[in-house]
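>
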Amino acid sequence: ACTCGGTISETIDVSQLAEQASHWPGVFSSEVMEFACFPEGVDYIREQIQARGLNRVVIAGCSNRTHDSLFQRTVRQAGLNPYLAELVNLREQCTQVHRWQAERASQKAQELVRIAVGRVSLAQPVYKQQHQCFPSALVIGGGLTGMTAALAIADSGYEVAIVERTALLGGNLQDMYYVAEGFNPRILGRDLINRVRAHLHVTAYTNTEIVNHQGHIGSYQTELETRLPGRDAERFTIENGVIIVATGAYEAHKHHWLEIPQVITQRELEDQVIHQPEKIAAFEDVVMIQCVQAEGVPFYCSRVCCTNTLKNAIRIKLFNPSCRVTVLYKNVVTYGFREKHFTEARRLGVIFLRYTDDEPPEIIPAGDRVMVRVRDLTLNRWLELPADAVPLSMSILPSDGTAELAKMLRVPLSSEGFFDEAQLKLRPMDFMREGIFLAGMAHYPKFIEESISHALAAAGRALTILSQRDALFTGGIVAVVDPDKCVGCLTCTRTCPFQIPQVIQDDDRVGVGGLGGAAYIDPAQCQGCGTCTGECPANAIQLVNYTDDQMMLRDIGGLGAWLPSRELRVEVGV
10 ACTCGGTISE TIDVSQLAEQ ASHWPGVFSS EVMEFACFPE GVDYIREQIQ ARGLNRVVIA
70 GCSNRTHDSL FQRTVRQAGL NPYLAELVNL REQCTQVHRW QAERASQKAQ ELVRIAVGRV
130 SLAQPVYKQQ HQCFPSALVI GGGLTGMTAA LAIADSGYEV AIVERTALLG GNLQDMYYVA
190 EGFNPRILGR DLINRVRAHL HVTAYTNTEI VNHQGHIGSY QTELETRLPG RDAERFTIEN
250 GVIIVATGAY EAHKHHWLEI PQVITQRELE DQVIHQPEKI AAFEDVVMIQ CVQAEGVPFY
310 CSRVCCTNTL KNAIRIKLFN PSCRVTVLYK NVVTYGFREK HFTEARRLGV IFLRYTDDEP
370 PEIIPAGDRV MVRVRDLTLN RWLELPADAV PLSMSILPSD GTAELAKMLR VPLSSEGFFD
430 EAQLKLRPMD FMREGIFLAG MAHYPKFIEE SISHALAAAG RALTILSQRD ALFTGGIVAV
490 VDPDKCVGCL TCTRTCPFQI PQVIQDDDRV GVGGLGGAAY IDPAQCQGCG TCTGECPANA
550 IQLVNYTDDQ MMLRDIGGLG AWLPSRELRV EVGV
């Protein structure tokens with residue numbers, strides 16, 4: 010067991026825990042370490058496994074989320090199968106949640122370690138399958154994020170295919186002329202497009218969509234369809250080892266207010282600032298309304314809207330100082346250094362009025378102008394603001410076809426309809442399906458620099474797989490079907506969140522009663538979530554090293570009743 014430098018031992022009596030564990034059946038030795046994850050601790054564990062001939066190891070210390078790979082690598086280097094080691098999380102699951110209940114925390118720690126010893130005693134060696142990784146990447150989306158990720162991978166020497174459903178590369182950069190920081194993003198867009206077109210390892214398919222997809226990490230087969238004006242649709246298949254989803258997002262443009270001529274979106278206002286400066290010069294009053302929810306879409310913060318509003322408000326005041334600019338907002342979200350743009354707008358005379366959902370603004374047509382009614386929360390009365398233009402900050406929506414693409418790739422979506430990452434802090438670029446990565450505004454609305462960072466991070470994750478080439482391993486903790494028990498009820502095919510199980514009709518897989526077919530789960534694609542294992546009514550599916558015998562341990566207190574008769578040499582590192 011590990012004291013974690015006192016973090017664990019200040020609540021749990023680690024020495025007593027080690028002493029008790031040493032008397033349990035099958036436990037060969039039990040020791041206390043200060044930092045098991047330090048190099049000297051890892052070396053000591055490796056030496057003890059080799060010197061004592063241990064065939065099972067239980068390490069009681071920190072979270073398996075952060076340290077599982079370290080200790081699996083350690084026991085592998087000692088010649089032991091990595092799945093014959095069990096990690097018990099005493100720090101988060103005991104010490105930190107029972108800090109003021111030392112006695113009960115020690116009792117809980119004892120039970121957790123006892124269960125781990127029982128589980129590892131029934132564990133079997135697990136061997137992964139080795140595959141070749143196709144040295145090519147597929148990037149879905151030809152905008153800023155997609156091109157950045159593609160170039161990062163291509164610069165490392167791998168082939169990259171970019172699939173863009175529209176006729177042009179560039180995405181949202183095509184409609185942007187300036188940002189709050191002052192530079193012109195179109196220059197960045199042109200540079201990326203020129204680099205993509207000139208790069209020997211990048212192939213861009215425009216006017217192209219994905220129509221079919223199959224395969225697993227290292228070997229994906231994606232069918233594409235290209236539609237060019239005046240030509241028949243052309244279908245072809247490409248193979249790739251990894252996929253980066255960078256489909257982007259767009260500003261909504263469906264709202265009944267937009268039927269009024271004076272009401273426009275912030276994107277349209279930006280276009281007028283550049284291409285119709287005489288119109289901006291003629292404005293006397295501009296009222297901007299924030300957080301306008303697109304019709305039929307649940308409300309959520311789009312993050313970038315407030316900064317976009319401020320950049321346009323500042324541009325108008327610099328170009329036409331006499332114009333009265335008023336911003337109606339729920340809450341101004343200009344986090345980090347973007348707060349300076351809010352300060353600058355206030356300095357230039359932009360007025361900010363807060364409104365609530367209970368009393369939203371009203372827009373009333375009044376000839377060539379409109380009248381905006383809003384309740385001033387400070388004065389506690391309704392104000393009527395005349396306006397030559399009313400720019401709306403509309404919701405940022407996922408790209409068209411996002412739901413269909415998610416279904417095809419078998420990856421999840423968030424409640425807002427954007428692609429959802431595997432884990433916000435530990436796997437922010439990954440999907441639950443290995444080999445497919447996420448970047449940019451396909452994840453949620455982001456600024457340019459955030460999208461670039463996300464693209465480079467996703468490219469880095471993709472390169473870790475592409476660089477493995479002939480040493481790509483899949484499988485491990487996966488679900489396995491016993492054909493002799495399978496009744497072909499299709500429960501697993503319906504409940505699997507990744508749509509992996511399938512019923513194969515052949516003579517080699519005969520189910521109960523001689524049925525010509527039984528379920529099969531591809532170990533290269535299985536994510537090991539265990540959903541099918543729990544749902545199978547015939548108990549025909551088992552999760553490797555999470556079998557019924559391991560999960561339903563009998564006689565936990567006695568410990569010996571469920572230990573197998575074969576000789577075990579388990580070390581408990583406390």
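All letters in the sequence shown, in the order written, are residues 10 to 583 by this note's numbering. Heads up, the beta-carbon is just placed ideally off N, CA and C, and yes, glycines get one too.
1. Could you give the uninterrupted runs of the alpha helix (DSSP H) lying entirely in the region 393 to 455, keeping only those of 4 residues or more?
2. Looking only at its own chain, which residues have a Cβ that is under 8 Å from the Cβ of K339, when we skip the five neighbours before and after it?
3. So, N278 versus I323, is the Cβ gap smaller than 8 Å?
4. If you reduce the DSSP assignment to three classes, tell me which class P330 lands in.
5. With DSSP run on the structure shown, which of helix, strand or coil describes N317?
6. Please report the Cβ distance between V66 and I486, rounded to the nearest whole angstrom; I am assuming they are in contact, meaning their Cβ atoms lie under 8 Å.
7. Can you tell me whether Y229 is buried or exposed? The criterion is at least 16 other CB atoms within 10 Å of its CB, across all chains shown.
8. So, at 8 Å on beta carbons, what are the nonlocal neighbours of K263 in its own chain, with the 5 sequence-adjacent residues on each side left out?
9. Which runs of the beta strand (DSSP E), 3 residues or longer, sit entirely within the region 154 to 209?
10. Would you call the region 50 to 62 and the region 19 to 31 in contact, with 3 or more CB pairs under 8 Å?
11. With distances taken from CA atoms, which of Q139, T256, C314 is nearest L481?
12. Check each candidate in K434, Q141, G444, N64 and name the one with the smallest Cα separation from L89.
13. Distance check for G376 and T318, CA to CA, integer angstroms please.
14. Rounding to the nearest angstrom, what Cα-Cα distance links L267 and P286 in this structure?
15. Check for me: the beta strand (DSSP E) holding H225 runs from which residue to which?
16. Apart from the five residues on each side of it in sequence, which residues of its chain come closer than 7 Å, Cβ to Cβ, to R276?
17. Rounded to whole angstroms, what's the CA-CA distance from P573 to G497? Just pull it up for me.
18. Could you tell me whether the Cβ atoms of V205 and L178 are closer together than 8 Å?
19. For G14, I'd like the list of residues in its chain whose CB is within less than 7 Å of its CB, leaving aside the five on either flank, ordered along the chain.
20. Suppose contacts are defined by Cβ-Cβ distances below 8 Å. Is P144 in contact with L465 by that definition?
21. Can you give the beta carbon distance from M1 to H222, rounded, assuming they're within the 8 Å contact cut?
22. With three or more beta-carbon pairs closer than 8 Å as the criterion, would you say the region 162 to 179 touches the region 199 to 218?
23. What residue range is occupied by the uninterrupted beta strand (DSSP E) comprising R378?
24. Could you say which of A398, Y453, A547 lies nearest to S404 if we only look at CA atoms?
25. Pick out whichever of N216, A255, F351 has its Cα sitting closest to the Cα of E430.
26. May I ask you to list the residues that DSSP assigns as paired with D241?
27. Closest to G155 by CA distance: which of A448, I513, V553, Y555 is it?
28. Opposite E248 in the DSSP bridges: which residues?
29. DSSP three-state label for M560, please.
30. Among the residues of its own chain, which have a CB less than 8 Å from the CB of Q539, if the five just before and after it don't count?
31. Determine which residues share a DSSP beta bridge with Q511 and list them.
32. Roughly how many angstroms separate the alpha carbons of Q105 and A111, rounded to a whole number?
33. To which residues of the same chain is E218 closer than 6 Å at the C-beta, ignoring the five residues directly before and after it?
34. Look up E304 in the DSSP assignment and say whether it is helix, strand or coil.
35. Please report the straight-line C-alpha distance between I269 and V383, rounded to a whole angstrom.
36. So, using beta-carbon positions, are F446 and I253 closer together than 8 Å?
Checking against the coordinates, here is how it stands:
1. 411 to 418
2. Along the sequence shown, read from residue 1 onward, the residue named residue 339 stands at position 330. Closer than 8 Å at the Cβ level, and outside the excluded window around K339, lie Q299, C300, R363, Y364, T365, D366.
3. For the purposes of this step, residue 278 is identified with residue 269 of the sequence shown, where counting begins at 1. For the purposes of this step, residue 323 is identified with residue 314 of the sequence shown, where counting begins at 1. With the sequence shown as reference, residue 278 is identified as Leu, and Asn is not the correct amino acid for it. Going by C-beta atoms, L278 is not nearer than 8 Å to I323.
4. The residue labelled residue 330 in the question sits at position 321 within the sequence shown. If DSSP states are grouped into helix, strand and coil, P330 belongs with coil.
5. In the sequence shown, residue 317 corresponds to position 308, counting from 1. Three-state DSSP puts N317 in a helix.
6. Position 57 of the sequence shown, counted from the start, is the residue given in the question as residue 66. Position 477 of the sequence shown, counted from the start, is the residue given in the question as residue 486. Not really, about 17 Å apart at Cβ, beyond 8 Å.
7. Translated into positions along the sequence shown, residue 229 becomes position 220. The residue is buried, with at least 16 neighbouring Cβ atoms inside 10 Å.
8. Locating residue 263 in the sequence shown gives position 254, where the first residue counts as 1. Hits under 8 Å: A303, E304, G305.
9. 168 to 172
10. no
11. Residue numbering aside, residue 481 sits at position 472 when the sequence shown is read from its first letter. Considering only alpha carbons, the answer is Q139.
12. Here residue 89 refers to the residue found at position 80 of the sequence shown. Taking only the C-alpha atoms, the option nearest L89 is N64.
13. The count along the sequence shown starts at 1 and reaches residue 318 at position 309. The count along the sequence shown starts at 1 and reaches residue 376 at position 367. Between T318 and G376, the C-alpha separation is close to 26 Å.
14. Residue numbering aside, residue 267 sits at position 258 when the sequence shown is read from its first letter. Residue numbering aside, residue 286 sits at position 277 when the sequence shown is read from its first letter. Computed Cα separation, rounded: 21 Å.
15. On the sequence shown, residue 225 is found 216 positions in, with the first residue counted as 1. Element bounds for H225: 217 to 225.
16. Locating residue 276 in the sequence shown gives position 267, counting from the first residue. Counting only Cβ-Cβ distances below 7 Å, and skipping sequence neighbours, we find D184, E260.
17. Walking along the sequence shown from the start, residue 573 turns up at place 564. Walking along the sequence shown from the start, residue 497 turns up at place 488. For P573, the pLDDT reaches just 42, beneath the cut-off of 50, and the residue's location in the model is therefore unreliable, leaving the point undetermined.
18. Along the sequence shown, one-based indexing puts residue 205 at 196. Along the sequence shown, one-based indexing puts residue 178 at 169. Yes. Within cutoff.
19. In the sequence shown, the residue the question calls residue 14 occupies position 5. Result list for G14: E43, F44, in chain order.
20. As a first step, residue 144 must be located in the sequence shown, where it is residue number 135. As a first step, residue 465 must be located in the sequence shown, where it is residue number 456. No, the pair does not count as a contact, with Cβ atoms beyond the cut-off.
21. Any question about residue 1 goes unanswered here, given that the chain covers just 10 to 583.
22. yes
23. Here residue 378 refers to the residue found at position 369 when the sequence shown is read from its first residue. Start and end: 378 to 385.
24. Sequence index remark: in the sequence shown, residue 404 carries index 395 (1-based). Ranking the options by Cα distance to S404, first place goes to Y453.
25. On the sequence shown, position 421 is the one that residue 430 refers to. E430 has its Cα closest to that of A255, out of N216, A255, F351.
26. If you number the sequence shown from 1, residue 241 lands on position 232. Answer is none; D241 lacks a bridge partner.
27. Along the sequence shown, one-based indexing puts residue 155 at 146. Answer by Cα proximity: A448.
28. Taking the first residue of the sequence shown as 1, we reach residue 248 at position 239. According to DSSP, E248 bridges with Q230.
29. Working through the sequence shown from its first residue, we reach residue 560 at position 551. In the structure shown, M560 sits in a helix (DSSP, three-state: H, G or I).
30. As a working note, residue 539 is residue 530 in the sequence shown. Note that residue 539 is Gly in the sequence shown here, rather than Gln. The residues are A488, L552, Y555.
31. Here the question's residue 511 lines up with position 502 in the sequence shown. Answer is Y529, bridged to Q511.
32. Numbered from its first residue, the sequence shown carries residue 105 at position 96. Numbered from its first residue, the sequence shown carries residue 111 at position 102. When rounded, the distance between both Cα atoms is 11 Å.
33. To locate residue 218, count along the sequence shown from 1; it is residue 209. Result list for E218: R174, E234, in chain order.
34. Here residue 304 refers to the residue found at position 295 of the sequence shown. Three-state DSSP puts E304 in coil, outside helix and strand.
35. Numbered from 1 along the sequence shown, position 260 holds the residue referred to as residue 269. Numbered from 1 along the sequence shown, position 374 holds the residue referred to as residue 383. So the alpha carbons of these two residues sit roughly 18 Å apart.
36. Counted from its first residue, the sequence shown places residue 446 at position 437. Counted from its first residue, the sequence shown places residue 253 at position 244. Closer than 8 Å, so yes.
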